[in-house]
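So the sequence shown is numbered by my numbering: it starts at 386 and just counts up by one.
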Amino acid sequence: MEPVGGPDDEDMPYFFTLKCEECDSITPEQCCYMSGSFFHVGKEVNHVAKCYGCDREGTVKLIPGHGSKFTASDAIEGDYTPLMMFQCEGLVPEDYLFNGGWRLTTVNSSVNFLTSFL
């Protein structure tokens, strides 16, 4: 299993709820992170959000180059397999929600399935 564009696909949307590092509030809805970066307070980031509990501002940045495919052997062995690395300040991912496009390849053939987990 991997993002449709391969590991570290910068166009893959990642959906998380966020937890504030200051007051432990969790966002009531999921947030979407993609590679569209911009500069905020002198730093390049992909997402800026304010905590609903204490108004603390946090940022999230996608860092490509650290992802890999999640394979059947990873699942059997219970291995940790990073799909994308995130640099978070102030607000950290709490729950990952499988949305967006994923490519699934069967073990016994080279057939690819494109799917969205909704």
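Beta carbons: idealized from backbone N, C-alpha and C, even for Gly.
None of the values given here were measured: they were computed from a predicted structure.
{"query": "Simplified DSSP state of Glu395, which is helix, strand or coil", "result": "coil"}
{"query": "Three CB pairs or more closer than 8 Å across the stretch 425 to 432 and the stretch 453 to 467", "result": "no"}
{"query": "Rounded straight-line distance, which links the Cα of Tyr399 to that of Asn484", "result": "7 Å"}
{"query": "Close-in-space but distant-in-sequence residues of the same chain around Glu474 (CB under 7 Å, 5 per side omitted)", "result": "Gly443 and Thr444"}
{"query": "Alpha-carbon to alpha-carbon, Gln415 and Thr466", "result": "22 Å"}
{"query": "8 Å CB neighbourhood of Glu395 in its chain, flanking five on each side removed", "result": "Met419, Ser420, Leu447 and Pro449"}
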